[in-house]
Amino acid sequence: MSDQMLILVALAGIFLLLFLVIRTKLHAFVALLLVSLIVGIAAGMPLQEVVASIQSGMGGTLGFVAVVVGLGAMFGRMLEVSGGAERLAQTLINKFGEDKAQWSLGITGFLVAIPVFFDVGFIILVPIVYGLARKTGKSLLYYGIPLLAGLAVTHSFIPPTPGPIAVADLIGADLGWVILFGTIAGVPSMIIAGPLFAKWISKRIHAVVPDYMQAEEMEYDKELPSFALIASLISIPLVLILLNTLSGVVLDEGNIIRSILTFLGHPFVALTIATLLTFVLLGTKRGYSRQEVQDIATKALEPAGIIILVTGAGGVFKQVLIDSGVGEVLGNMMAGSSLPPIALAFLIAMVVRVAQGSATVSMVTAAGLMSPLIDTLGMQGPVLGLMVIAIASGATVFSHVNDSGFWLVNRYFGLDVKDTLKSWTVMETLIGFVGFAVVFILGIFIS
Numbered sequence: 178m179s180d181q182m183l184i185l186v187a188l189a190g191i192f193l194l195l196f197l198v199i200r201t202k203l204h205a206f207v208a209l210l211l212v213s214l215i216v217g218i219a220a221g222m223p224l225q226e227v228v229a230s231i232q233s234g235m236g237g238t239l240g241f242v243a244v245v246v247g248l249g250a251m252f253g254r255m256l257e258v259s260g261g262a263e264r265l266a267q268t269l270i271n272k273f274g275e276d277k278a279q280w281s282l283g284i285t286g287f288l289v290a291i292p293v294f295f296d297v298g299f300i301i302l303v304p305i306v307y308g309l310a311r312k313t314g315k316s317l318l319y320y321g322i323p324l325l326a327g328l329a330v331t332h333s334f335i336p337p338t339p340g341p342i343a344v345a346d347l348i349g350a351d352l353g354w355v356i357l358f359g360t361i362a363g364v365p366s367m368i369i370a371g372p373l374f375a376k377w378i379s380k381r382i383h384a385v386v387p388d389y390m391q392a393e394e395m396e397y398d399k400e401l402p403s404f405a406l407i408a409s410l411i412s413i414p415l416v417l418i419l420l421n422t423l424s425g426v427v428l429d430e431g432n433i434i435r436s437i438l439t440f441l442g443h444p445f446v447a448l449t450i451a452t453l454l455t456f457v458l459l460g461t462k463r464g465y466s467r468q469e470v471q472d473i474a475t476k477a478l479e480p481a482g483i484i485i486l487v488t489g490a491g492g493v494f495k496q497v498l499i500d501s502g503v504g505e506v507l508g509n510m511m512a513g514s515s516l517p518p519i520a521l522a523f524l525i526a527m528v529v530r531v532a533q534g535s536a537t538v539s540m541v542t543a544a545g546l547m548s549p550l551i552d553t554l555g556m557q558g559p560v561l562g563l564m565v566i567a568i569a570s571g572a573t574v575f576s577h578v579n580d581s582g583f584w585l586v587n588r589y590f591g592l593d594v595k596d597t598l599k600s601w602t603v604m605e606t607l608i609g610f611v612g613f614a615v616v617f618i619l620g621i622f623i624s
């Protein structure tokens with residue numbers, strides 16, 4: 178099959194994927210599998226090889242992603258149930274004072290979203306936003322936007338959240354670099370899209386606690402854990418993974434310290450250590466029975482399962498593109514583009530995000546399409562960490578009515594569609610463009 182026909186097959190596959198997800202409302206997992214089958218057959222692959230590619234792509238992706246996302250979900254669920262997120266918020270607000278509560282909420286969101294899913298973190302912490310808005314008479318957006326920005330930045334940029342984990346696996350990026358660059362890009366993104374933007378938009382939209390929302394604070398059946406304990410538990414996996422990456426830069430191969438740090442800093446080991454510590458320190462040591470801890474961990478895997486399967490299907494799509502030869506042609510075509518690879522990754526993720534709404538689907542689709550280009554150009558090392566954040570940034574911008582996060586904010590803040598677009602959509606877009614600007618500048622110096 179000619180290169181032109183293979184390009185047409187790839188483009189038709191992408192449009193079909195968007196049509197299935199947007200128009201027919203087919204679940205992204207099934208849509209990705211179906212499109213992978215059709216692309217493989219249309220590209221002229223033998224039928225048995227199409228099936229083999231699907232099995233290889235799914236297995237290769239889930240071998241890493243399923244373990245990390247599963248452990249991360251259980252870790253986050255223990256933090257949620259124990260009141261750890263609440264403790265972080267209370268301590269930071271007390272430390273900063275109510276006059277700087279915006280900043281404390283931004284930092285709280287940034288920390289909480291490392292182990293806790295975005296929507297769960299928001300729902301847990303929104304009563305604090307309600308209480309502050311009632312007490313001061315300010316718009317809900319004055320306090321809510323910084324919290325949302327902190328949650329959204331970490332949710333998109335910093336492992337072990339599912340999005341960057343999936344992209345890192347699909348393009349072969351080291352998680353240590355992803356954490357480092359995600360933090361470097363995430364801090365200015367949170368500041369600009371959070372406290373600074375909130376100060377501006379809250380003067381133009383005065384949102385109050387909607388009548389249909391009960392603003393009662395969540396009650397915990399046990400005393401809240403200490404701030405130091407929660408901060409330490411969140412830091413453990415991040416520090417171990419970063420030490421693993423840095424040891425590979427500063428220590429020689431075969432060095433015993435490097436070998437130990439490489440083992441402890443592998444995401445499997447780092448997250449297993451952190452998860453076991455939460456089971457003990459936030460679970461059995463605080464009065465939960467072993468059965469209760471087991472039930473909490475099991476419950477955590479329900480939302481994680483959907484993310485794991487969609488990510489696995491993204492791996493299938495990538496593998497079929499590679500095995501069919503479409504990936505090589507796409508890679509050569511994109512390599513000839515005048516756009517830098519980081520900018521190309523951002524734009525692809527942005528187009529898919531605007532079209533179908535899901536940040537996760539946008540990320541795995543963009544990563545699948547960029548993977549052949551990365552192989553063609555022989556990209557490796559730190560630059561792949563930048564690529565992950567570029568894709569995550571593109572998958573964050575322009576959140577609108579086809580994104581579930583849009584309606585979550587719309588409902589909890591009692592906004593109409595127009596005001597949600599002016600607040601939430603602009604906030605997400607600021608995060609994406611600031612994050613991309615940071616990694617694009619870093620990309621000039623890192624290759």
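Every letter in the sequence shown is one number past the one before it in our numbering, and letter 43, counting from 1, is 220. Yeah, the Cβ is synthetic: ideal placement off N, Cα and C, and Gly gets one too.
Enumerate in chain order the residues of its own chain whose CB-to-CB distance from residue i is below 7 Å, with the five nearest sequence positions on each side excluded.
i	result
V246	P339, I342, A481, I484 and I485
V297	E257
I356	I335, P336, L415, I418 and L419
H383	S316
L401	G260, E263 and R264
V574	M527, R530, E605, T606, G609 and F610
G502	L183 and A220
D596	I382
L406	L458
Spatial neighbours of residue i within its chain, please: C-beta separation below 8 Å, excluding the five flanking residues on both sides.
i	result
E393	For E393, the predicted model reports a pLDDT of 49, less than 50, meaning its position is unreliable; a value from the coordinates is still stated below. These residues qualify, in order along the chain: P304.
P365	V611 and V615
T360	F334 and I335
G314	none
E430	none
Quick check on DSSP: helix, strand or coil for residue i?
i	result
I361	helix
Y307	helix
P518	helix
K315	coil
Q557	coil
E257	helix
P372	helix
M527	helix
A266	helix
A572	coil
R381	coil
G637	What the structure shows of the chain is the stretch from 178 to 624, and residue 637 is not part of that stretch, so it cannot be assessed.
D296	helix
P223	coil
P336	coil
Y320	helix
G274	coil
E400	coil
D593	coil
D351	coil
I291	coil
L210	helix
S548	helix
S600	helix
K202	coil
Establish whether the CB of residue i and some CB of chain D are separated by less than 8 Å.
i	result
S281	Absent from the structure: chain D. Only one protein chain is present.
Which stretch, first to last residue, makes up the alpha helix (DSSP H) that contains residue i?
i	result
N432	Per DSSP, N432 belongs to no alpha helix (DSSP H) and is neither H nor E.
P387	Here P387 belongs to no alpha helix (DSSP H), and DSSP marks it neither H nor E.
D346	P339 to I348
N421	F404 to V427
Y589	S581 to Y589
L185	D180 to I199
G620	V603 to F622
F445	P444 to T455
Can you give the beta carbon distance from residue i to residue j, rounded, assuming they're within the 8 Å contact cut?
i	j	result
A625	I568	Nothing can be reported for residue 625: it is not among the residues displayed for the chain, which extend from 178 to 624.
G591	A362	Actually they are not in contact, since the Cβ atoms of G591 and A362 sit about 32 Å apart, beyond 8 Å.
L373	M604	The Cβ separation is near 11 Å, so there is no contact.
F252	T455	5 Å
S230	Q496	5 Å
G234	G460	Wrong, their Cβ atoms sit about 36 Å apart, outside the cutoff.
F523	S570	6 Å
T628	G327	Since the first and last residues shown for the chain are 178 and 624, residue 628 lies out of range.
V541	L347	7 Å
A474	R311	The Cβ separation is near 36 Å, so there is no contact.
I566	F358	5 Å
Residues in the same chain with beta-carbon distance under 6 Å from residue i, minus the five sequence neighbours each way, listed in chain order, please.
i	result
L309	A278 and Y320
D351	T422
Q533	L195, V198 and I199
A189	none
P323	Q279, L282, G283, G371, P372 and A375
N587	T597
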